[in-house]
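Encoded as C-alpha cells, the structure appears first; notes follow it.
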Amino acid sequence: MPRIALIGGNARPITTAHELGVDVVLVHEEGRYEPDFADYCSRILHAPIGDSAAILEVLRPLHAEQPFDAVLSATEYAAIAAGEVADALGVPGTTARTARALKDKAETRRLLDEHDLSPIRHAMVASEQETADFAESVGGRIVVKPADGVASLHVHVVESREDAATAFKQLREAGYTRAIAEEYLEGPVVSVDTFSHRGRHVVFGMSEYQMNDRFVEWEVSTPSRVAAPHRAELTELVGRLLDVVGLTDGPAHSEFVLTPTGPKVLESHDRFAGSGAPELVRRACGVDLYRMFLAVQLGFEELPQTSPVNDHGAAIRFFTPQPGTLKEITGLDTVDALVLTVPPGEAKGNIVPLLSRTREAEVVVVITRHPGDTLPELRSVKDCSSGYVIATGKDADEATAICERVVDQICFHVE
1 MPRIALIGGN ARPITTAHEL GVDVVLVHEE GRYEPDFADY CSRILHAPIG
51 DSAAILEVLR PLHAEQPFDA VLSATEYAAI AAGEVADALG VPGTTARTAR
101 ALKDKAETRR LLDEHDLSPI RHAMVASEQE TADFAESVGG RIVVKPADGV
151 ASLHVHVVES REDAATAFKQ LREAGYTRAI AEEYLEGPVV SVDTFSHRGR
201 HVVFGMSEYQ MNDRFVEWEV STPSRVAAPH RAELTELVGR LLDVVGLTDG
251 PAHSEFVLTP TGPKVLESHD RFAGSGAPEL VRRACGVDLY RMFLAVQLGF
301 EELPQTSPVN DHGAAIRFFT PQPGTLKEIT GLDTVDALVL TVPPGEAKGN
351 IVPLLSRTRE AEVVVVITRH PGDTLPELRS VKDCSSGYVI ATGKDADEAT
401 AICERVVDQI CFHVE
C-alpha cells in the first residue's frame with residue numbers, strides 16, 4: 001500500500017486517498033481540521049503546518065520505520081514547509097525552491113523578468129516615500145501588497161501620496177516592513193487551473209470572479225466567458241510560467257489579468273485554487289482533480305493528454321451578510337436546494353466546509369453560522385465564512401443565475 005505524508009489541507013484529498021487505498025499520515029494543527037478526518041488517516045500528528053522543523057520531528061521516526069512515497073500538501077500555508085520536508089527526506093514532492101518562487105511574489109516577478117515573460121513595472125518598497133515615488137514613476141494607479149501575502153489580505157490600491165501613507169501605515173500595523181508595489185493592471189481577473197506531471201502541463205479549468213473593492217472574491221464560476229477568446233494565449237502563458245518557476249508535478253492555480261494588450265500574470269500558486277474550485281471543475285467537465293492529486297503523482301493513472309471539454313457550467317457564491325451579530329437565518333426551509341449545516345464550532349476557518357458532501361446534489365447550500373455568531377466585515381477571502389451556494393448549470397451563466405436566485409431567498413438577520 002502506498003504511503004504519503006499529507007501536510008494540512010481539507011477533507012477531499014484525504015477521502016480520495018482512502019478510496020484509492022493510500023495510507024495517509026496527516027500532519028495538521030490541533031483543532032483546525034474536521035473530526036471525521038480520523039476515519040480516513042492511519043495517523044494524525046500535530047505540528048504547525050508552516051514549520052518544517054516541527055513537521056520533520058514528528059515524521060522522521062515514521063519515515064525510518066516505513067518510508068513515505070511522497071510528501072504532499074494542498075494548502076498554500078504549508079507549501080514551503082512541505083517542500084523542505086520532501087527535500088530533507090529525499091522523497092517526491094514539490095521542491096522548496098519552487099514553493100518559495102511561487103510564495104514570494106517578488107521572486108516570481110524576478111524570474112518572469114529574467115525570462116522576459118509577462119513583464120510589468122514593479123519594485124520592493126520599505127516606506128511610504130518609496131511607495132509614493134514608485135507610484136509617481138508609473139504615472140498612475142499601483143497596487144501594494146505583502147510579497148508573501150495570501151487570501152487577498154492587505155492589498156492596497158494607491159493613487160496619491162496620501163494613499164501611499166495610509167497603505168504603508170496599515171501594512172506596518174499588520175507586521176510587514178517591506179512590500180511589493182506593482183503597476184495596476186486594468187481588466188478582469190481570471191484563473192487557470194492546471195495539473196502537471198514530469199514537466200507536462202494540462203489546463204483543466206478557467207474561471208472568473210466577482211470581487212468587492214478589497215479584491216475579495218465572493219463568486220467564482222467556470223468555464224470563464226471572458227477568458228474564452230484568450231484561451232490559446234493563456235494556455236501557452238501558464239505553461240511557460242510553470243516552467244520558469246520549476247513546477248513539474250502536481251496542481252497549480254495561476255491568476256491573470258486580461259489587460260487591453262493581452263493577458264498578464266498576476267500571481268501563481270503550487271496548489272489547488274481556493275473557494276471550492278476543484279469541485280467546480282468536476283461539475284463542469286467531470287474531472288476529479290483531487291483524485292488526480294494522488295492517482296497521477298503515485299503512478300496509478302496517467303495525466304490526460306489534452307484539456308477536457310466543459311459539458312456544463314458551475315459556480316459558487318458566498319453569503320456576504322452585513323457585519324454584526326446574527327439573530328436568525330430565514331428561507332432555508334423553502335429553498336430548492338440540499339441544505340447542509342455545519343455544527344457550531346466545526347468550520348475551523350475553512351470557507352468551504354462539507355465540500356465533499358456537495359456532490360450529493362446539483363444545488364447545495366452550506367450554512368456555517370448560528371444565532372449569536374459575530375459576522376465579520378468582508379476584508380479578505382477568509383471573511384467569506386458564513387456559508388455558500390454551489391450549483392451546476394447547462395453553462396456558467398445558468399449556474400451563476402441559480403446561485404444568485406438561491407442567495408436572494410435566504411436572509412441573514414443581523415443586528
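Under full-length UniProt numbering, the residue at position 232 of the sequence shown is numbered 232, and the numbers go up by one with no gaps.
Ideal Cβ positions, reconstructed from N, Cα and C, are used throughout, including at glycine.
Could you tell me whether the segment 197-211 touches the segment 357-375, where touching means 3 or more Cβ pairs closer than 8 Å? At 8 Å Cβ cutoff, the stretches do not touch.
Applying the criterion that 16 or more other CB atoms from any shown protein chain within 10 Å of the CB defines a buried residue, is D163 buried or exposed? As a working mapping, residue 163 is identified with position 163 in the sequence shown. Label assigned to D163: buried.
Is T392 closer than 9 Å to A337 when the C-beta atoms are compared? Counting from 1 along the sequence shown, the entry for residue 337 is found at position 337. Counting from 1 along the sequence shown, the entry for residue 392 is found at position 392. Not a contact, by the Cβ cut-off of 9 Å.
Assuming I14 contacts V24 under a Cβ cut-off of 8 Å, what Cβ separation, rounded to an integer in Å, is found between them? For this step, residue 14 is matched to residue 14 along the sequence shown. For this step, residue 24 is matched to residue 24 along the sequence shown. Their Cβ separation, rounded to whole angstroms, is 6 Å, which keeps I14 and V24 in contact under 8 Å.
Can the beta-carbon of L378 be found closer than 9 Å to that of W218? Residue 378 sits at position 378 when you count from the first residue of the sequence shown. Residue 218 sits at position 218 when you count from the first residue of the sequence shown. Yes, Cβ-Cβ distance for L378 and W218 is below 9 Å.
With a cut-off of 8 Å, do at least 3 Cβ pairs link the segment 43-51 to the segment 80-93? Yes: the two stretches touch, three or more of their Cβ pairs being nearer than 8 Å.
Under 8 Å Cβ to Cβ from L332, same chain only, skipping five residues before and after it: list those, please. For the purposes of this step, residue 332 is taken as the residue at position 332 of the sequence shown. Correct list, in chain order: V339, V365, I367, I410.
State the Cα-Cα distance for the pair I142 and A228, rounded to the nearest angstrom. Reading the sequence shown from its first residue, position 142 is the one you call residue 142. Reading the sequence shown from its first residue, position 228 is the one you call residue 228. Between the alpha carbons of I142 and A228 lies a gap of roughly 27 Å.
Check the C-beta distance from D249 over to Q297 and give it rounded, since I have them as a contact under 8 Å. For this step, residue 249 is matched to residue 249 along the sequence shown. For this step, residue 297 is matched to residue 297 along the sequence shown. Their Cβ separation, rounded to whole angstroms, is 6 Å, which keeps D249 and Q297 in contact under 8 Å.
Curious, which full-length beta strand (DSSP E) runs of at least 3 residues does the segment 245-314 contain? Qualifying beta strand (DSSP E) stretches, in chain order: 250-259, 262-269.
By the DSSP assignment, the beta strand (DSSP E) with A5 in it spans what residues? Stepping through the sequence shown from its first residue, residue 5 is reached at position 5. Its beta strand (DSSP E) spans residues 3-7.
Compare the beta carbon distance of F195 and A277 with 9 Å and say whether it is the shorter of the two. Stepping through the sequence shown from its first residue, residue 195 is reached at position 195. Stepping through the sequence shown from its first residue, residue 277 is reached at position 277. Cβ atoms of F195 and A277: not closer than 9 Å.
How close, in whole Å, do the beta carbons of F168 and T131 come, if the pair is a contact with beta carbons under 8 Å? The residue given as residue 168 occupies position 168 in the sequence shown. The residue given as residue 131 occupies position 131 in the sequence shown. About 6 Å separates the two Cβ atoms, so the contact holds.
So, with DSSP's three-state summary, where would you put Y77? The residue labelled residue 77 in the question sits at position 77 within the sequence shown. If DSSP states are grouped into helix, strand and coil, Y77 belongs with the helices.
From Q305, P304, D311, F293, residue whose alpha carbon lies closest to that of E285: If you number the sequence shown from 1, residue 285 lands on position 285. The sequence shown places Cys at residue 285, rather than the Glu named in the question. It is D311 whose Cα lies nearest to the Cα of C285.
In this structure, how does DSSP classify A47 when only helix, strand and coil are distinguished? The residue labelled residue 47 in the question sits at position 47 within the sequence shown. If DSSP states are grouped into helix, strand and coil, A47 belongs with coil.
Tell me whether T392 sits in a helix, a strand or coil according to DSSP, three-state version. Position 392 of the sequence shown, counting from 1, holds the residue named residue 392. In the three-state DSSP reduction, T392 falls in the strand class (E or B).
Once the 5 residues before and after D287 are set aside, which same chain residues still bring their CB inside 7 Å of it? By one-based count along the sequence shown, residue 287 stands at place 287. According to the sequence provided, residue 287 is Val. The question's Asp does not apply to it. Result list for V287: F204, V281, P308, in chain order.
Candidates H201, V226, A179: closest to V244 by CA position: Stepping through the sequence shown from its first residue, residue 244 is reached at position 244. Checking every option, the nearest Cα to that of V244 belongs to H201.
Classify R357: buried if its beta carbon has 16 or more other beta carbons within 10 angstroms, exposed otherwise. Here residue 357 is taken as the residue at index 357 of the sequence shown, counted from 1. Classification of R357: exposed, given that the 10 Å Cβ count is below 16.
Residues near V257 in its chain [Cβ-Cβ closer than 6 Å; skip 5 each side]: As a working mapping, residue 257 is identified with position 257 in the sequence shown. Once the five neighbours on either side are set aside, the close Cβ partners of V257 are L185, G187, V189, K264, L266.
Could you compute how far the alpha carbon of P304 sits from the alpha carbon of G21? Position 304 of the sequence shown, counted from the first residue, corresponds to residue 304. Position 21 of the sequence shown, counted from the first residue, corresponds to residue 21. One C-alpha to the other measures close to 22 Å.
Please tell me whether, using a cut-off of 8 Å, the distance from the CB of L62 to the nearest non-hydrogen atom of the ligand HEM is below it. For the structure depicted, the ligand HEM is absent and the ligand set is empty, with no information on it obtainable.
Start and end residues, beta strand (DSSP E) containing R369: Against the sequence shown, residue 369 aligns to sequence position 369. R369 -> no beta strand (DSSP E), and no H or E assigned at all.
Jot down the residue ranges of each uninterrupted alpha helix (DSSP H) in the segment 72-147, minimum 4 residues, whole runs only, in chain order. Within the segment 72-147, the alpha helix (DSSP H) runs of at least 4 residues that lie entirely inside it are, in chain order, 79-89, 96-103, 105-114, 128-138.
Note the first and the last residue of the continuous alpha helix (DSSP H) segment covering T16. Position 16 of the sequence shown, counting from 1, holds the residue named residue 16. It spans 11-20 - the alpha helix (DSSP H) in which T16 sits, taken as one unbroken run.
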